[in-house]
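What follows is a set of notes on a single structure, which appears directly below.
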Amino acid sequence: PTADSTRLFLHAKAQDTILSLAADAGPVEDLELDDVMKTGYRDIRSVESGGPEPGVGCAGRGVITSINFLEEDGA
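Its first residue numbered 20, the sequence shown is counted upward by one per residue in the numbering used here.
As structure tokens, then:
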């Protein structure tokens, strides 16, 4: 799974990833920080970057895209 790191903080199923939200909304630049960041246990804020299916692409690209998005939006 590419989006299960934050489940325990959020007391929920896996949250939507930056890459999956960008795939639905268009370019990642069209997303807002509130769209991707969720607050859970003890006010811990979390984001899931996501990535391709195993064996399909480069997971590092998803991480780089997500970090760039967060830096540009002041996270």
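Quick reminder that beta carbons are idealized off the backbone N, C-alpha and C, glycines included.
Small disclaimer: the values here were computed from a predicted structure and weren't measured.
query	result
Cβ-based neighbour list, G76, same chain, cut-off 8 Å, excluding 5 preceding and 5 following	G70
Buried versus exposed, by CB contacts within 10 Å (16 or more), G81	buried
Beta-bridge partners of T84, as assigned by DSSP	In the DSSP output, where bridge partners are listed per residue, T84 has none listed.
Beta-carbon proximity of L89 to G59, cut-off 8 Å	no
S65 beta carbon less than 8 Å from that of T36	no
DSSP-derived helix/strand/coil call for S65	strand
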